[in-house]
Amino acid sequence: MAKTLQALDAEIAATKEALKDVHGTQTEVYARIVGYYRAVRNWNKGKREEFNHRKLFEYNGENCEPKATAAVPQAQTVLSMAEETIAKNEAENASGMSYEFFLRGTCPNCPPVKAYMQDVNLPGIQIDVDSAEGLQQAARKGVFAAPTVIFYGSDGSEIARAHNVDELKAVLQPQAVVA
Numbered sequence: 001m002a003k004t005l006q007a008l009d010a011e012i013a014a015t016k017e018a019l020k021d022v023h024g025t026q027t028e029v030y031a032r033i034v035g036y037y038r039a040v041r042n043w044n045k046g047k048r049e050e051f052n053h054r055k056l057f058e059y060n061g062e063n064c065e066p067k068a069t070a071a072v073p074q075a076q077t078v079l080s081m082a083e084e085t086i087a088k089n090e091a092e093n094a095s096g097m098s099y100e101f102f103l104r105g106t107c108p109n110c111p112p113v114k115a116y117m118q119d120v121n122l123p124g125i126q127i128d129v130d131s132a133e134g135l136q137q138a139a140r141k142g143v144f145a146a147p148t149v150i151f152y153g154s155d156g157s158e159i160a161r162a163h164n165v166d167e168l169k170a171v172l173q174p175q176a177v178v179a
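Heads up, the sequence shown is in the working numbering, so the first residue is 1 and it goes up one at a time.
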C-alpha cells in the first residue's frame, strides 16, 4: 500500500523526536599506528585520512569475505597456475624449499620484502590478500599480517615464517656455528 506524503512526513518527524531521547557516549576507536595502538581521534590529519582508506575484514572460519573487496579477475586461475609452476620448479630446486608470499598493495613494509624475495633462488608465489581468494588463502594458513612469507620443505610442510628482510635473512642464510 502506498504511503501519502503527509504520512511519510509524520513518520520522519516521529523518528526525529525519538532520536532526541537517545543518550549514549562517544565510542573510542583504537587502531595500530606506527607500531602501537592509539585512539584514532588523537591521530594527525594525514594518519586519519589513511585510516579512512583502510579495508576492514571479518574472519568467519572457512568463509572469510572482506567487507570491501578489490576486484581481481580470475584470481583462482592465477593462483592455480602459480601453484603448478611451484610444483614444476621444485624438481629443479636442490633444497626442495618453496615459499608463499602474502602481501597487500597498500602495505608499506611489503616492497622491501618483495625486492629481497626477487633475488632469492626459490620457487614461490605471491598472494595478494586484497583479493577475495588471497584473503581466503591467508585465513586458511593463519596469516594475520602483511608481509608474511611462509617457507615449505620438500615434503610440503611449513618450516618457517618471516615478516621482514632481517627475518628472511635469518631463515635463508643461517649463521654457521663456530666450534
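Beta carbons: idealized from backbone N, C-alpha and C, even for Gly.
Predicted, not measured: the structure shown is a model, and the values here were computed from it.
Exercise. Using DSSP with H/G/I as helix, E/B as strand and the rest coil, what is PHE51?
Worked result: If DSSP states are grouped into helix, strand and coil, PHE51 belongs with the helices.
Exercise. Residues bridged to GLY124 by DSSP?
Worked result: Partner(s): TYR99.
Exercise. So what does DSSP say about ALA2, is it helix, strand or coil?
Worked result: Three-state DSSP puts ALA2 in coil, outside helix and strand.
Exercise. Relative to the C-alpha of ILE33, which residue among ARG41, THR27, GLN26 is closest?
Worked result: Nearest C-alpha to ILE33 among ARG41, THR27, GLN26: ARG41.
Exercise. Which whole runs of the beta strand (DSSP E) in the region 20–50 are 3 residues long or more, in chain order?
Worked result: If we require 3 residues or more, the beta strand (DSSP E) runs fully inside the region 20–50 come out as 30–33, 36–39.
Problem set entry | Residues that DSSP places opposite ARG161 in a beta bridge | Beta-bridge partners of ARG161 (DSSP): ILE150.
Exercise. How do the region 1–11 and the region 20–34 stand: do at least 3 beta-carbon pairs fall below 8 Å, yes or no?
Worked result: Per the Cβ contact rule, the region 1–11 is not in contact with the region 20–34 (fewer than 3 Cβ pairs under 8 Å).
Problem set entry | Residues near ILE159 in its chain [Cβ-Cβ closer than 7 Å; skip 5 each side] | Excluding sequence neighbours, ILE159 sits near PHE151, TYR152, GLY153.
For this session: Name the residue from PHE101, GLN6, GLU17, LYS47 whose alpha carbon lies nearest to the alpha carbon of LYS141.
Result: Measuring from the Cα of LYS141, the nearest candidate turns out to be PHE101.
Exercise. Which value, in whole angstroms, describes the spacing of the CA atoms of SER157 and LYS55?
Worked result: The alpha-carbon atoms of SER157 and LYS55 are separated by roughly 31 Å.
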